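Report on the structure given below.
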Amino acid sequence: MKTSVFYFLLSVSSIVFAQNSTPSQAYFNPITISEIECIPDAHRQNILQEIETNKRAILEVNPEIFQNRTTTHPLFELPFKAKSGFNDYGYYSLFNQVDHNIAPGGQLLDYNCGERTYDWATGNHAGTDYVVWPYPWKKMEEDVMEIVAAAPGIIIQKKDGYFDKNCVNNGNPNWNGVILEHSDGSQSWYWHFKDGSTTTKNVGDAVASGEYLGLAGSSGSSTIPHLHFEVHDAAGELIDPYAGPCNDLNSDSWWIEQPDYMVPEILTLSTHYSEILDDDCGEIEDTYEELNFLPGETIYFKLFYRDIQTGDITNIQVKKPNGNILWDYDFVSEWPNNFAAWAYWIWPTDSSWEDGVYNVTVTFGGKTYETIFGINTNLSVNESEIKEVLIFPNPTSDFINVQSVEEISSISVYDLAGREISKHFPQSVNTTIDFSGINTGIYLVKVESAYKSQTFKISKL
957 MKTSVFYFLL SVSSIVFAQN STPSQAYFNP ITISEIECIP DAHRQNILQE IETNKRAILE
1017 VNPEIFQNRT TTHPLFELPF KAKSGFNDYG YYSLFNQVDH NIAPGGQLLD YNCGERTYDW
1077 ATGNHAGTDY VVWPYPWKKM EEDVMEIVAA APGIIIQKKD GYFDKNCVNN GNPNWNGVIL
1137 EHSDGSQSWY WHFKDGSTTT KNVGDAVASG EYLGLAGSSG SSTIPHLHFE VHDAAGELID
1197 PYAGPCNDLN SDSWWIEQPD YMVPEILTLS THYSEILDDD CGEIEDTYEE LNFLPGETIY
1257 FKLFYRDIQT GDITNIQVKK PNGNILWDYD FVSEWPNNFA AWAYWIWPTD SSWEDGVYNV
1317 TVTFGGKTYE TIFGINTNLS VNESEIKEVL IFPNPTSDFI NVQSVEEISS ISVYDLAGRE
1377 ISKHFPQSVN TTIDFSGINT GIYLVKVESA YKSQTFKISK L
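The numbers in this note's numbering rise by one with no breaks, and the one at position 84 of the sequence shown is 1040.
What follows is the structure, given as structure tokens:
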């Protein structure tokens, strides 16, 4: 189903304007995911039996592998990271924590005394869910979320080969993933991987902290690409790695640096030619993004939030190509707290809009986010983007390196007024562009290959 928010309008934001011009009201949409049943107790018992069988087999090959135990539990780094070359502001939100209220029927309690968790008739959520968002199926296709070992360990369970675009949270036991045992005997579980992505290492092999384990998918009991991360101590008891006032499982944090409970941030900001948000389960989304518009066309400006709360203020500033301010206004959220949500504004254009590149600066949660769009420019968003283009370093003081898996036919560098600064014809998959002779500022680098293109924003120091 393609959700048109003209028919799914929840409310209109409070907006305080620093200018007389009013771009539009804000249209706001929270994101929810199905929460029915994660891992049934019977399946957990099967997993534990499989682990014991695997450990016996490991010991036959390496009798000393589980000796020299440490007496302290590991400290974890985040069990995932963005793939190399990912250049947006964010790609996930945390939806569910461990449920510390064992009573069923919607009686919920997370480690921080909130309700960021779920249960079902016969069980409680026992891990932490990091959900790929926005455009989860597109990001899954692009391998954006890489699952990594939270601490050094031995692989004691590994599964792969199962369907990875499930849309039902029903206790399905056919998950792809990895389970590690750490030096103190504790275990970390990593579930719901993309089919075919699981590490090539085998049961019994060691992995280092931060080592690749797989890619986020929707295998097993799952409705959206995500990582279910679960921890058990050496005695097999459930652990919540997050320390807090309502964590009755363990008193200390298992993180090297524990993430905050609420992380208010914008994951992406972009301009579009439609207000529609695709949300068909298992289908790669069309983003409807556009960078260049003609006078008279409508711009739909979208913000994708993580952890937006009632009363949070978003400042949106739009500058014309000449540097003058078109709009500068505050949007005050009037909606309940949401782990993930998106809002959009309608910006109609007309013949009075000058040609060139417009700069959009958004401030939210103490951070600043930027994007651009153009009127009558050569900016474009091509749905057939070149695969795996990397540009680094960014920012740069002298050179940028451009790498692609496809042969690059041309690279154009533009300033924010749309003027071409330089053009290059590498006819190769790797090249270097000299930025040392141009002024400091923001530039656009358009990489083209076989009728496909991709535009990047580069900061020159």
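Where is the CB? At the ideal position from N, CA and C, for every residue including glycine. These numbers were taken from a predicted model, which means no experiment stands behind them.
Using only alpha-carbon positions, find the residue among the options that is nearest to residue i.
i            : options                   : result
residue 1041 : 1349, 1368, 1366 and 1333 : 1349
residue 1330 : 1158, 1257 and 1391       : 1257
residue 1121 : 1148, 1010 and 1101       : 1148
residue 1217 : 1189, 1263, 1223 and 1250 : 1263
residue 1014 : 1299, 1023, 1112 and 1052 : 1112
residue 1408 : 1397, 1092, 1060 and 1364 : 1364
residue 1246 : 1026, 1022 and 1334       : 1334
residue 981  : 1328, 1090 and 1301       : 1301
residue 1169 : 1201, 1140 and 1114       : 1114
residue 1052 : 1294, 1008, 1385 and 1099 : 1294
residue 1093 : 1310, 1397 and 1233       : 1233
residue 1398 : 1390, 1105, 1123 and 1412 : 1412
residue 1091 : 1009, 1273 and 1297       : 1297
residue 1109 : 1118, 1016 and 1023       : 1023
residue 1197 : 1067, 1308 and 1236       : 1067
residue 1236 : 1123, 1075 and 1380       : 1123
residue 1191 : 1117, 1081 and 1205       : 1205
residue 1304 : 1254, 1375 and 1287       : 1254
Between which two residues does the alpha helix (DSSP H) holding residue i run?
i            : result
residue 1015 : 997–1017
residue 1211 : That residue, residue 1211, is in no alpha helix (DSSP H); it is neither H nor E in DSSP.
residue 1097 : 1092–1097
Using the Cα positions of residue i and residue j, report the straight-line distance between them to the nearest angstrom.
i            : j            : result
residue 987  : residue 1162 : 38 angstroms
residue 1037 : residue 1071 : 26 angstroms
residue 1270 : residue 1382 : 42 angstroms
residue 1046 : residue 1020 : 42 angstroms
residue 1058 : residue 1078 : 10 angstroms
residue 1203 : residue 1210 : 12 angstroms
residue 1164 : residue 1378 : 44 angstroms
residue 1128 : residue 999  : 9 angstroms
residue 1327 : residue 1226 : 7 angstroms
residue 1176 : residue 1126 : 9 angstroms
residue 1405 : residue 1322 : 38 angstroms
residue 1249 : residue 1139 : 57 angstroms
residue 1229 : residue 1367 : 26 angstroms
residue 1388 : residue 1026 : 49 angstroms
residue 1166 : residue 1137 : 15 angstroms
residue 1339 : residue 1103 : With a pLDDT of 46 at residue 1339, under the threshold of 50, the predicted position of this residue should be treated as unreliable, though the coordinate-derived value follows. Taking the straight line joining both Cα atoms gives about 27 angstroms.
residue 966  : residue 985  : The predicted model places residue 966 with a pLDDT of 39, which falls under 50 and marks its position as unreliable; any figure quoted below should be read in that light. Roughly 7 angstroms between the two C-alpha positions.
residue 1159 : residue 1312 : 57 angstroms
residue 1401 : residue 1239 : 30 angstroms
residue 1006 : residue 1199 : 30 angstroms
residue 1289 : residue 1325 : 18 angstroms
residue 1146 : residue 1185 : 5 angstroms
residue 1188 : residue 1194 : 5 angstroms
residue 1359 : residue 1097 : 20 angstroms
residue 983  : residue 1299 : 5 angstroms
residue 1372 : residue 1231 : 26 angstroms
residue 1284 : residue 994  : 45 angstroms
residue 1179 : residue 1131 : 12 angstroms
residue 1010 : residue 1028 : 24 angstroms
residue 1384 : residue 1357 : 12 angstroms
residue 1309 : residue 1317 : 18 angstroms
residue 1215 : residue 1282 : 37 angstroms
residue 1354 : residue 1117 : 46 angstroms
Which first and last residues belong to the beta strand (DSSP E) in which residue i is found?
i            : result
residue 1221 : 1221–1228
residue 983  : 983–986
residue 1045 : Per DSSP, residue 1045 belongs to no beta strand (DSSP E) and is neither H nor E.
residue 1360 : 1355–1364
residue 1386 : 1384–1390
residue 1021 : Run containing residue 1021: none; DSSP gives neither H nor E here.
residue 1347 : 1346–1348
What residues are listed by DSSP as bridge partners for residue i?
i            : result
residue 1064 : According to DSSP, residue 1064 bridges with nothing at all.
residue 1371 : 1399
residue 1411 : 1402
residue 1163 : 1109
residue 1143 : 1137 and 1188
residue 1038 : 1101
residue 1326 : 1317
residue 1150 : Answer is none; residue 1150 lacks a bridge partner.
residue 1376 : 1370
residue 1182 : 1087 and 1173
residue 1051 : Answer is none; residue 1051 lacks a bridge partner.
residue 1352 : 1416
residue 1032 : 1211
*asked:* To test your reading of the DSSP string, which unbroken alpha helix (DSSP H) runs of 4 or more residues are found completely within the stretch 1229–1276?
replied: none
*asked:* To test your reading of the DSSP string, which unbroken beta strand (DSSP E) runs of 3 or more residues are found completely within the stretch 1278–1320?
replied: 1281–1288, 1294–1304 and 1312–1320
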